[in-house]
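Numbering (the working numbering), first residue to last: 3 to 381.
For every residue, glycine included, the Cβ atom is placed at its ideal position computed from N, Cα and C.
This one's a predicted model, so the numbers in the text were calculated from it and none came from an experiment.
A short write-up of the structure that comes next.
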Ligand SMILES: [Zn+2]
Ligand SMILES: [Zn+2]
Ligand SMILES: [Zn+2]
Ligand SMILES: [Zn+2]
C-alpha cells in the first residue's frame, strides 16, 4: 500500500523516513523514494505509471497530495456541518452551493444565529487574496500577520476556527503556499497552520510529522528565534497529546523562558507559554511549581488580556485545576476552585460559545470538581 504522509518525508512505497532531503525523486513528478528499487516497484506494481502524469500536472507530489487532502477535508467538513448549515447561504458568495466546486457550507467558529456560514473555498480565496495584496504592496509585518490570521481565524467573530473547518482551511493554506521556496516565511507559516488544523482534528501523528519537518526547515534556513519558539511551542503541545510528556515538559520550559527573555512577562505569547507550561506541570504532578507560576502570571494576564480572553479563561481553568488536583487541597481550595469554574464557564459560553473546546473543557472540569467538593463537604 502506498502511504502518503501529510508532508511527504517518507518513501512512497516502504515509508522509510527520508527527512527533508535524502532519497530519490521521480524525475517527472517528484514523488519520493528511498532508492531505485522502491521507485521501480512503484512504477511497475504501485500504479505510478498511471498516476505520474496527473501528479506532474498538479504541480508535483507534494502539491498533488495537498490538493487531494484538501478536497477530502472539505467534503468531511461540509458533511459534518450539514445539519447546522441547512437552509443557509455563504456570507461571501451568497449561494448555498458553491458555483464551481458544488461544495456545501461550513461553520466552525463562535458565530451564531445566521452569521458566519461559508464555503471553505470562499474563506480560502479571501485569505489568499488579502495576504497576496499585503505582499504585493509590501505592507508592514503587522498587517501581513493580521491578514495571515484569516487562514485560521474568523473575521466576523474573531475566534479561531476549530475541528473539521480548521482542518479543511489549513489544507487550503498549505496547498496555496507549498510551492514557495523553502526559506520563505509563507511556506513555513503554512506548515504551522496546517499542523494546527491537523491537531484540531486529532490527527496528532500527522501534526507531529509536519511540525518536525517545519522545525528542521527553520533551523536549516537560520530562522529568527521568534519563529523557532513558535515551532517548538507547537511541537511541545503535540508531544503532550501523544503522551510524550517528558520532552513536552522540557520544550515548554524552554519556550516559556525564551518568550520571557524575548518579549517580557506581559506579552500574550509569554502568557500563553506560561499556560502551556502549567498544563504540563499539572500533568507531572508538580503542583507547587504550577501554582507559583500561576500566582505570578494571573495578575499580569488580568491586566493585559482581560477577563474575556480565551487564554485568560484557560489560565483560570488551570488554576482551579491546580487547586483541586493537589492532594493537599483544603476544603476552601475546593470551594474556590468550583466558584472559579462556575464563573469562567459563564464567560466562556458568552464569549466563545458552547461548542468551543475551551468551554466544553471547563464544563467537564466543573462537573468533576463539583462531585469532588460534594464528597468532601461536611454534612
Ligand atoms: Zn522505499
Ligand atoms: Zn512520477
Ligand atoms: Zn461561498
Ligand atoms: Zn465566526
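query                                                                                                                                                                         : result
According to DSSP, simplified to helix, strand and coil, what is residue 229?                                                                                                 : helix
Does the distance from the CB of residue 322 to the CB of residue 300 come in under 8 angstroms?                                                                              : no
Closest to residue 116 by C-alpha separation, out of 123, 68, 108, would be which residue?                                                                                    : 108
Taking the Cβ atom as the reference point for each residue, do residue 310 and residue 349 lie within a distance shorter than 8 angstroms?                                    : yes
Which same chain residues, not among the five before or five after residue 145, have their C-beta less than 8 angstroms away from its C-beta?                                 : 136
Report all residues from its chain with a CB closer than 8 angstroms to the CB of residue 167; omit the five preceding and five following residues, and keep chain order.     : 79, 83, 108, 109, 110, 111, 122
Thinking just about the alpha-carbon of each residue, which of 186, 209, 99 is nearest to the one in residue 220?                                                             : 186
Can you look up residue 19 in the DSSP assignment and give me helix, strand or coil?                                                                                          : strand
In whole angstroms, what separates the C-alpha of residue 210 from that of residue 381?                                                                                       : 49 angstroms
Whole angstroms is fine: what's the gap from residue 164's alpha carbon to residue 193's?                                                                                     : 17 angstroms
Evaluate residue 247 with the Cβ neighbour count: other Cβ atoms within 10 Å of its Cβ, from every protein chain shown; 16 or more gives buried, anything less gives exposed. : exposed
With a CB to CB cut of under 8 angstroms and the five nearest residues on each side skipped, what residues in its chain are close to residue 278?                             : 235, 238, 239, 254, 257, 258
Would you decide whether residue 131 is buried or exposed? Buried here means 16 or more other CB atoms lie within 10 Å of its CB.                                             : exposed
Would you check whether ligand 4 has a heavy atom nearer than 7 angstroms to the C-beta of residue 111?                                                                       : yes
Among the candidates 302, 100, 289, 13, whose CA atom is the shortest distance from the CA of residue 270?                                                                    : 302
Give the straight-line distance between the Cα atoms of residue 376 and residue 262, rounded to the nearest whole angstrom.                                                   : 40 angstroms
Tell me whether the beta-carbon of residue 315 lies closer than 8 angstroms to the beta-carbon of residue 296.                                                                : no
Could you name the residues, in chain order, whose CB is less than 6 angstroms away from a heavy atom belonging to ligand 2?                                                  : 28, 30, 31, 33, 50, 54, 57
Let me check understanding here. Comparing Cα to Cα, which of 119, 106, 14, 207 lies closest to residue 49?                                                                   : 14
Return yes when the Cβ of residue 26 is within less than 8 angstroms of the Cβ of residue 35, no when it is not.                                                              : yes
Measure from the alpha carbon of residue 288 to the alpha carbon of each residue in 324, 264, 176, 265, then state which is nearest.                                          : 324
Check whether the Cβ atoms of residue 203 and residue 159 sit closer than 8 angstroms, and answer yes or no.                                                                  : no
List the endpoints of the continuous alpha helix (DSSP H) containing residue 344.                                                                                             : 333-354
Going by beta carbon distance, what residues of the same chain come within less than 8 angstroms of residue 366, once the five residues before and after it are set aside?    : none
Can you tell me whether residue 153 is buried or exposed? The criterion is at least 16 other CB atoms within 10 Å of its CB, across all chains shown.                         : buried
Look up residue 35 in the DSSP assignment and say whether it is helix, strand or coil.                                                                                        : strand
DSSP on residue 130, reduced to helix/strand/coil?                                                                                                                            : helix
Take residue 18 and list the residues in its own chain whose beta-carbon comes closer than 6 angstroms to its own, dropping the five residues that flank it on each side.     : 36
Cutting at 7 angstroms between CB atoms, please list the residues of its own chain near residue 30, excluding the five before and the five after it.                          : 54, 58
In the DSSP assignment, find the alpha helix (DSSP H) that holds residue 74 and state where it starts and stops.                                                              : 63-82
Report yes if the CB atom of residue 155 is closer than 8 angstroms to the CB atom of residue 162, and no otherwise.                                                          : yes
Is residue 161 near ligand 4, with its Cβ less than 7 angstroms from a heavy atom?                                                                                            : yes
Rounded to whole angstroms, how far is the Cβ of residue 119 from the Cβ of residue 90, which I believe are closer than 8 angstroms?                                          : 4 angstroms
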